[in-house]
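**Student:** Protein chains in written order, with full-length UniProt numbering: chain A, 1 to 324; chain B, 1 to 324; chain C, 1 to 324; chain D, 1 to 324. Where a beta carbon is used, it is the ideal one built from N, C-alpha and C, also for glycine. This is the structure, below, for whatever I ask next.
There are 4 protein chains.
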Amino acid sequence: MPTTSEPTYGGIFDVAQVAHVELLSPDPQGTYDFFTKFLGMFETERHGQSVYLRAYEESYHHSLKITESPKPGLGHVGLRARSPEALQRRVASIETTGLGVGWTDGDLGHGDSYHFRLPSEQNFELFYDVDYYDVPEDQKSKLLNRPQKRPPTGVPVRRIDHCTFTAPDVKATREFLTDHLGFQAREQIVSDDGSVEIGSWMSTSLVVHDLAFTADPAGLPGRFHHVCYWYGIPQHVADAAELLREHGYVVEGGPGKHGLAQGIFLYVFEPGGNRVELYGDAGYLIFDPAWKTIKWKESELDWGAAVYGVVPDTFFTVVTPPVD
Amino acid sequence: MPTTSEPTYGGIFDVAQVAHVELLSPDPQGTYDFFTKFLGMFETERHGQSVYLRAYEESYHHSLKITESPKPGLGHVGLRARSPEALQRRVASIETTGLGVGWTDGDLGHGDSYHFRLPSEQNFELFYDVDYYDVPEDQKSKLLNRPQKRPPTGVPVRRIDHCTFTAPDVKATREFLTDHLGFQAREQIVSDDGSVEIGSWMSTSLVVHDLAFTADPAGLPGRFHHVCYWYGIPQHVADAAELLREHGYVVEGGPGKHGLAQGIFLYVFEPGGNRVELYGDAGYLIFDPAWKTIKWKESELDWGAAVYGVVPDTFFTVVTPPVD
Amino acid sequence: MPTTSEPTYGGIFDVAQVAHVELLSPDPQGTYDFFTKFLGMFETERHGQSVYLRAYEESYHHSLKITESPKPGLGHVGLRARSPEALQRRVASIETTGLGVGWTDGDLGHGDSYHFRLPSEQNFELFYDVDYYDVPEDQKSKLLNRPQKRPPTGVPVRRIDHCTFTAPDVKATREFLTDHLGFQAREQIVSDDGSVEIGSWMSTSLVVHDLAFTADPAGLPGRFHHVCYWYGIPQHVADAAELLREHGYVVEGGPGKHGLAQGIFLYVFEPGGNRVELYGDAGYLIFDPAWKTIKWKESELDWGAAVYGVVPDTFFTVVTPPVD
Amino acid sequence: MPTTSEPTYGGIFDVAQVAHVELLSPDPQGTYDFFTKFLGMFETERHGQSVYLRAYEESYHHSLKITESPKPGLGHVGLRARSPEALQRRVASIETTGLGVGWTDGDLGHGDSYHFRLPSEQNFELFYDVDYYDVPEDQKSKLLNRPQKRPPTGVPVRRIDHCTFTAPDVKATREFLTDHLGFQAREQIVSDDGSVEIGSWMSTSLVVHDLAFTADPAGLPGRFHHVCYWYGIPQHVADAAELLREHGYVVEGGPGKHGLAQGIFLYVFEPGGNRVELYGDAGYLIFDPAWKTIKWKESELDWGAAVYGVVPDTFFTVVTPPVD
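The following block contains the structure:
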């Protein structure tokens with residue numbers, strides 16, 4: 001039996017989580033209905049062309065901001081730092097890259113925020129201070145670890161899980177996230193000779209991924225693949241599949257189980273045109289501090305894509321915004 | 001909406017996980033059959049009066065050591081440090097407390113190890129170097145994140161999840177684990193006036209607990225409540241309940257859902273007399289870096305104990321070893 | 001191996017199903033909200049002090065009639081005959097017993113109906129002609145075997161499953177149902193010496209029970225134990241348990257699995273005070289035409305009551321209407 | 001609301017069930033291992049080139065006979081009549097068609113049997129007397145409605161559910177089964193103009209189908225599509241998918257949910273080359289005695305084939321035995 005002889009584990013523990021995502025929608029009312037009537041999310045505030053939503057097990061002001069826009073796609077991603085000092089450390093590091101955009105005084109729901117762009121050009125921000133949502137007294141749960149009662153609405157999601165994007169150069173984006181924000185590559189897809197990084201699943205904690213990137217099918221920057229909300233219960237993705245399809249939504253694929261991250265998945269398009277994943281399991285957690293990035297060769301993708309169920313062709317081609 | 005103004009998040013990130021537990025059994029063959037024939041675990045090695053087992057999604061040499069003994073109870077718990085340096089830092093800290101026992105050159109499956117006793121007198125060890133189990137080629141899974149194929153045996157568990165103990169003084173043990181090993185109290189049970197800490201659920205990561213302690217019903221030290229193995233799928237605890245009871249095992253309680261940690265539970269006694277929990281959900285994960293310990297008052301335990309299902313009276317009285 | 005030598009299987013195939021049940025409620029609005037907001041049922045009509053509801057997979061006008069009343073309990077049960085001729089045959093048979101009440105011209109949702117009382121004094125009616133509910137076009141499902149889309153409301157039940165009552169003399173009621181309506185006893189509870197019939201589960205098809213009777217704890221006639229609605233999916237009873245309890249409903253017991261009929265159960269009290277069961281499985285189906293009634297002795301009730309989960313004491317004592 | 005005015009429901013109640021199926025296998029050991037090691041079935045007897053298996057919730061001698069043969073395909077299907085008189089009535093009716101083959105004195109597990117061929121040339125037999133399997137005392141379940149304990153082996157199936165075949169002329173076969181054996185068409189696939197019957201799902205009870213026929217892709221007679229075993233629990237088909245695929249079996253499609261019959265399906269090829277379905281739900285039951293056959297037009301098959309999940313192309317082309 002081989003014995004570990006890895007070097008010192010240093011690590012950057014400064015980014016705590018994906019706190020929210022902003023989706024652009026040309027059909028904001030349709031997008032709103034999808035998330036509130038069928039996925040059980042709650043509106044917490046509206047401002048300008050945007051509406052803010054949260055799920056019943058989320059304690060912050062929002063995890064989803066829907067903003068009216070001519071085209072679907074990503075507005076931005078909000079990351080929360082682990083502490084005010086952690087925030088400062090990460091900003092200092094990002095500023096060395098030339099990818100920093102600068103500080104704002106925040107948005108509804110959080111405080112001062114540092115904006116930057118990934119090498120793949122998606123907009124991100126990093127902040128520490130957040131607003132916790134004041135759940136109305138009659139909606140508070142007696143489950144002290146759940147901010148709000150489970151709503152009798154749709155198949156209600158519990159919390160945001162992760163976001164996936166495409167990138168012209170996956171490796172460059174992954175290295176930026178690793179070097180400056182502390183994300184670790186947990187699983188990857190690589191060309192059979194190992195020379196090209198085709199996809200990377202990254203996290204700052206023991207989940208397999210908070211963020212993932214795959215090669216953009218058109219080689220374009222700044223595009224969005226999906227945001228994932230979490231159930232943790234396999235039956236719920238089947239329930240959602242049936243409910244959403246009966247009510248006219250386009251279920252793209254699933255339920256199935258990815259080999260990558262062992263995630264039980266459902267993919268559906270919200271009416272604005274963006275892909276949403278619903279997650280039926282915790283997948284697996286990575287407790288091993290000497291974890292070596294798992295590398296799926298392209299020729300192993302039969303298993304990597306799906307243990308069971310089918311990942312449809314559109315999954316590899318449809319990204320928002322669409323190419324004109 | 002209140003805004004966070006927590007101080008700097010420092011934190012100790014040096015302990016990665018509960019790597020294994022040693023159970024003492026007066027019926028080692030019965031205990032072995034229970035874990036191998038019905039929970040699908042594999043024997044990896046035998047030595048002296050001990051046998052070592054692992055689950056199919058575990059990569060290390062073992063997560064369970066069964067040792068023949070006149071009485072049931074805990075042998076010891078093995079924690080893995082995050083790095084060699086982390087190990088040294090923690091040992092230095094423990095040595096200031098007088099609770100250190102000293103270094104050994106390890107056991108089957110891991111390298112040099114530092115032994116110590118908790119204030120509640122359970123035996124623990126801390127190490128970094130581990131042996132990864134060489135899965136036979138024909139048993140390797142094409143799922144690259146799964147070391148071994150799911151076995152067609154019983155309702156197979158996936159990995160160790162957590163251990164729970166009793167303590168004469170929960171607060172003293174919790175403070176030791178927090179101060180010297182970096183465990184954070186995620187949820188607690190306290191007396192209604194808040195003056196007595198009756199139970200503490202602690203983790204070093206975003207799971208709710210790796211270790212938990214509740215007040216010992218007889219005020220005794222060194223006792224063991226249960227070890228928990230993980231499925232992550234609610235149906236599997238129902239399957240295990242039916243299978244185990246039909247084959248003559250004593251199912252103590254469940255399936256049900258604890259309010260505490262939102263864990264979907266099943267409790268069963270292995271033939272040696274120790275309680276084993278089987279876990280059907282990831283519960284919830286704690287991404288908020290400013291998480292405030294949840295405190296369940298005794299008068300709120302109706303919800304804390306169970307959202308649904310029944311936690312039986314024996315759960316609060318039967319601990320191993322039994323009082324003579 | 002023994003070979004069957006049963007006599008000719010004659011059998012009465014004249015009763016098709018339990019078509020509906022009328023519940024009496026002192027809190028009709030509360031009862032209505034329970035069934036519509038949390039169990040996803042639809043109002044189809046109102047008349048006088050009554051409201052009529054159906055589930056989304058039911059094609060008839062209603063399966064539940066809620067009628068305002070000073071006390072909870074059963075209004076009546078509506079059985080559907082297999083044909084007009086079958087209806088006439090059963091009425092002729094009932095009329096020989098002196099338990100017939102007479103014909104009415106029906107109720108909302110069905111045609112001419114013959115009323116009668118069981119030996120245990122519950123009110124029943126038997127009819128053939130039914131009204132099929134005209135589902136609004138935009139609510140029709142593309143699943144041709146489902147009348148209406150699954151609603152995004154609560155944890156929606158699919159159809160009525162069975163009704164359970166208490167009786168001063170279970171045997172007398174069971175014999176009436178067998179001799180005059182063709183119900184077969186599928187499972188029973190009997191005293192250990194076999195002399196007393198304590199409970200009988202009866203059906204006219206391959207399900208284990210459409211109707212069940214157990215000994216009334218107070219020796220009273222005419223009382224109601226529960227009506228059961230069907231999910232067929234085990235997770236849904238856990239979902240319902242959590243949702244209903246969070247919203248203030250009294251979950252009496254479950255989720256669990258009865259040994260009797262192998263039903264995955266949840267019991268909850270609707271606000272009017274009547275017990276409602278939610279069923280998470282088809283249990284098992286009886287295809288064997290020479291099926292011999294299964295007889296559980298009282299001393300075997302540990303398994304008969306529950307394979308897992310707990311059937312609470314109130315299950316054996318609380319019946320509606322309550323004793324004054 | 002329309003009122004029913006159907007004519008008298010006559011009906012033939014003489015066939016109780018599909019009691020067993022004989023599969024031909026060019027790899028009988030592989031077929032045997034598949035059913036016993038991974039689907040938890042038990043060998044009850046061997047004779048000549050055949051082995052007999054049953055599932056743990058089946059009370060008869062066998063539901064599956066595996067016979068060595070150069071090619072995969074159907075040996076025969078065994079139907080059980082409801083009574084000796086019912087058997088005689090059906091034989092008399094079949095004899096009027098010229099499709100009768102004649103009486104035999106039975107096989108291991110059942111008594112005198114009448115053999116006949118369908119218009120589509122599959123071999124069938126009909127009998128009444130059956131042998132109940134004597135479960136060894138230490139394997140008997142305390143669940144009195146379950147003959148044998150759930151085995152700790154694979155993902156164990158509970159009972160045979162249905163068989164599906166192809167036919168050169170679906171209508172001719174369906175009419176034979178309806179007129180002479182009492183099967184009712186519950187759902188059908190028809191050409192868009194309604195003139196061609198492409199598939200028929202038939203039962204003699206309230207399940208949607210005991211037998212189903214679809215148009216043979218090569219216009220050939222006597223071919224076999226699949227035999228289905230039942231779990232009744234959705235998670236179990238996902239468990240089986242993962243387990244079987246990891247151990248090298250070919251999972252053709254699923255888990256998914258057919259619109260037709262609302263069956264939660266998994267399709268896998270056993271090593272002999274025959275398709276086996278595993279069923280994760282009871283689908284729905286037909287209690288309405290005036291049920292009108294549901295007719296799916298070809299253009300509605302998007303929903304008829306799958307509510308979710310994908311039915312693969314091979315499902316429509318691979319039938320056993322293969323065309324030379």
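Do VAL155/A and LEU39/A come within 8 Å of each other at the CB atom, strictly closer than that value?
**Tutor:** For this step, residue 39/A is matched to residue 39 along the first sequence. For this step, residue 155/A is matched to residue 155 along the first sequence. Yes. Within cutoff.
**Student:** Kindly indicate which three-state DSSP category GLU6/D falls into: helix, strand or coil?
**Tutor:** As a first step, residue 6/D must be located in the fourth sequence, where it is residue number 6. Model confidence at GLU6/D stands at a pLDDT of 35, short of 50, so the residue's coordinates are unreliable; what they give is reported in the following sentence. If DSSP states are grouped into helix, strand and coil, GLU6/D belongs with coil.
**Student:** Classify PRO322/C: buried if its beta carbon has 16 or more other beta carbons within 10 angstroms, exposed otherwise.
**Tutor:** The residue you call residue 322/C lines up with position 322 of the third sequence. PRO322/C should be labelled exposed.
**Student:** Is the beta carbon of LEU79/B sitting closer than 8 Å to the one on LEU144/B?
**Tutor:** Counting from 1 along the second sequence, the entry for residue 79/B is found at position 79. Counting from 1 along the second sequence, the entry for residue 144/B is found at position 144. Contact flag unset, no.
**Student:** Quick one: what does DSSP say GLY259/B is sitting in, helix, strand or coil?
**Tutor:** For the purposes of this step, residue 259/B is identified with residue 259 of the second sequence, where counting begins at 1. Coil, per DSSP.
**Student:** Near GLY100/A, what residues of its chain come up, given a Cβ to Cβ distance below 6 Å and the 5 sequence neighbours on each side ignored?
**Tutor:** What you label residue 100/A is simply residue 100 of the first sequence in a count that begins at 1. Hits under 6 Å: ILE94 and PHE116.
**Student:** Is the beta carbon of LYS149/D closer than 8 Å to that of GLU246/B?
**Tutor:** What you label residue 246/B is simply residue 246 of the second sequence in a count that begins at 1. What you label residue 149/D is simply residue 149 of the fourth sequence in a count that begins at 1. Yes, the pair counts as a contact, with Cβ atoms nearer than the cut-off.
**Student:** Got a sec, what are the start and stop residues for the alpha helix (DSSP H) GLU175/C sits in?
**Tutor:** On the third sequence, position 175 is the one that residue 175/C refers to. That run of the alpha helix (DSSP H) goes 170-181.
**Student:** I need the straight-line Cα distance from ASP105/A to GLY11/B, nearest angstrom please.
**Tutor:** Within the first sequence, the letter at position 105 stands for residue 105/A. Within the second sequence, the letter at position 11 stands for residue 11/B. Whole-angstrom Cα-Cα distance: 28 Å.
**Student:** Where does LYS37/D fall in DSSP's three states?
**Tutor:** One-based indexing of the fourth sequence puts residue 37/D at position 37. Here LYS37/D sits in helix by DSSP.
**Student:** Kindly list the residues whose CB is nearer than 6 Å to the CB of residue 332/B, restricted to its own chain and excluding five residues on each side of it in sequence; keep chain order.
**Tutor:** Within the shown structure, residues of chain B are numbered from 1 to 324, placing residue 332/B beyond reach of any answer.
**Student:** Check the Cβ of ILE233/D against every Cβ in chain B and list those closer than 9 Å, keeping chain order.
**Tutor:** Reading the fourth sequence from its first residue, position 233 is the one you call residue 233/D. Those within 9 Å of ILE233/D in chain B are GLN235, ALA238 and ASP239.
**Student:** Determine, using beta carbons only, whether GLU242/B comes closer than 8 Å to chain C.
**Tutor:** To locate residue 242/B, count along the second sequence from 1; it is residue 242. Interface residue, yes.
**Student:** Is ARG146/D helix, strand or coil when you go by DSSP?
**Tutor:** Against the fourth sequence, residue 146/D aligns to sequence position 146. Three-state result, ARG146/D: coil.
**Student:** Would you decide whether ASP324/D is buried or exposed? Buried here means 16 or more other CB atoms lie within 10 Å of its CB.
**Tutor:** On the fourth sequence, position 324 is the one that residue 324/D refers to. Its Cβ having fewer than 16 others within 10 Å, ASP324/D is exposed.
**Student:** Quick one: which chain A residues come within Cβ less than 8 Å of HIS110/C?
**Tutor:** Numbered from 1 along the third sequence, position 110 holds the residue referred to as residue 110/C. What HIS110/C touches in chain A: nothing, since even the nearest Cβ is about 28 Å away.
**Student:** Taking only the alpha-carbon atoms, compute the straight-line gap between VAL319/D and VAL91/D and give it to the nearest angstrom.
**Tutor:** Position 319 of the fourth sequence holds residue 319/D. Position 91 of the fourth sequence holds residue 91/D. Cα to Cα, VAL319/D sits roughly 29 Å from VAL91/D.
**Student:** Under 9 Å between beta-carbons, which chain D residues line up against PRO289/C? List them in chain order, please.
**Tutor:** As a working note, residue 289/C is residue 289 in the third sequence. Those are ALA16, GLN17, ARG80, ALA81, ARG82, SER83, ALA86 and TYR128, listed as they occur along chain D.
**Student:** Check this for me: beta carbons of THR96/D and ILE66/D, under 8 Å apart or not?
**Tutor:** One-based indexing of the fourth sequence puts residue 96/D at position 96. One-based indexing of the fourth sequence puts residue 66/D at position 66. Cβ distance not < 8 Å, so THR96/D and ILE66/D don't count as in contact.
**Student:** Let's test the definition: count the other Cβ atoms within 10 Å of the Cβ of ARG46/C and tell me whether it reaches 16, buried, or not, exposed.
**Tutor:** By 1-based counting over the third sequence, the position of residue 46/C is 46. ARG46/C should be labelled exposed.
**Student:** Cβ atoms of TRP201/C and ALA212/C: under 8 Å apart, would you say?
**Tutor:** The sequence position of residue 212/C within the third sequence is 212, counting from 1. The sequence position of residue 201/C within the third sequence is 201, counting from 1. A contact, by the Cβ cut-off of 8 Å.
**Student:** Quick one, which residues of the stretch 293-309 of chain A are near chain B if we go by CB-CB under 9 Å, in chain order?
**Tutor:** ILE294, LYS295, TRP296, GLU300, ASP302, TRP303, GLY304 and VAL307
**Student:** So is ALA240/B buried or exposed if we call it buried at 16+ other beta carbons inside 10 Å?
**Tutor:** Looking up residue 240/B in the second sequence gives position 240. Burial call: buried.
**Student:** Using the beta-carbon of each residue, which ones in chain C are nearer than 7 Å to VAL251/B?
**Tutor:** Within the second sequence, residue 251/B is the residue found at index 251, counting from 1. By Cβ distance, chain C contributes TYR308.
**Student:** Between PHE165/C and ARG223/C, how many whole angstroms is the CB-CB distance? I'm expecting something under 8 Å.
**Tutor:** Indexing the third sequence from 1 puts residue 165/C at position 165. Indexing the third sequence from 1 puts residue 223/C at position 223. Right, the Cβ-Cβ distance comes to about 7 Å (below 8 Å), so this counts as a contact.
**Student:** Cα separation between GLY219/A and HIS62/A?
**Tutor:** Along the first sequence, one-based indexing puts residue 219/A at 219. Along the first sequence, one-based indexing puts residue 62/A at 62. The straight-line gap from Cα to Cα measures roughly 32 Å.
**Student:** Let me check understanding here. Comparing Cα to Cα, which of VAL237/B, TRP303/B, SER205/B and LEU108/B lies closest to ALA16/A?
**Tutor:** On the first sequence, residue 16/A is found 16 positions in, with the first residue counted as 1. That would be SER205/B, whose Cα lies nearest to the Cα of ALA16/A.
**Student:** Along the stretch 132-154 of chain B, where does the CB come closer than 8 Å to a CB of chain D? Name the residues.
**Tutor:** Along the stretch 132-154 of chain B, going in chain order, the ones with a CB nearer than 8 Å to a CB of chain D are SER141, LYS142, LEU143, LYS149, ARG150, PRO152, THR153 and GLY154.
**Student:** Closer than 8 Å, CB to CB, is LEU206/B near chain A or not?
**Tutor:** Indexing the second sequence from 1 puts residue 206/B at position 206. At least one chain A Cβ lies under 8 Å of LEU206/B.
**Student:** Mapping the DSSP letters down to three states, classify MET1/B as helix, strand or coil.
**Tutor:** Numbered from its first residue, the second sequence carries residue 1/B at position 1. The predicted model places MET1/B with a pLDDT of 40, which falls under 50 and marks its position as unreliable; any figure quoted below should be read in that light. Note: MET1/B maps to coil in three-state DSSP.
**Student:** Quick one: Cα of ARG174/C to Cα of ILE160/C, how far?
**Tutor:** For the purposes of this step, residue 174/C is taken as the residue at position 174 of the third sequence. For the purposes of this step, residue 160/C is taken as the residue at position 160 of the third sequence. Rounded to the nearest angstrom, the two C-alpha atoms are 21 Å apart.
**Student:** Which value, in whole angstroms, describes the spacing of the CA atoms of ILE172/A and ALA261/A?
**Tutor:** Taking the first residue of the first sequence as 1, we reach residue 172/A at position 172. Taking the first residue of the first sequence as 1, we reach residue 261/A at position 261. The sequence given here places Ala at residue 172/A; Ile does not occur at that position. Cα-Cα distance, rounded: 22 Å.
**Student:** Near PRO221/C, what residues of its chain come up, given a Cβ to Cβ distance below 6 Å and the 5 sequence neighbours on each side ignored?
**Tutor:** Stepping through the third sequence from its first residue, residue 221/C is reached at position 221. Cβ within range, chain order: SER120, GLU121 and PRO168.
**Student:** To which residues does DSSP link TRP201/A through a beta bridge?
**Tutor:** As a working note, residue 201/A is residue 201 in the first sequence. Looking at the DSSP assignment, TRP201/A forms a beta bridge with GLU187/A and ALA212/A.
**Student:** Residues of the stretch 33-64 of chain D with a CB closer than 7 Å to any CB of chain B: list them in chain order, please.
**Tutor:** LYS37 and PHE38
**Student:** Residues of chain C with CB closer than 8 Å to the CB of GLU246/A, please, in chain order.
**Tutor:** Taking the first residue of the first sequence as 1, we reach residue 246/A at position 246. The answer, in chain order, is SER141, LYS142, LEU143, LYS149 and ARG150.
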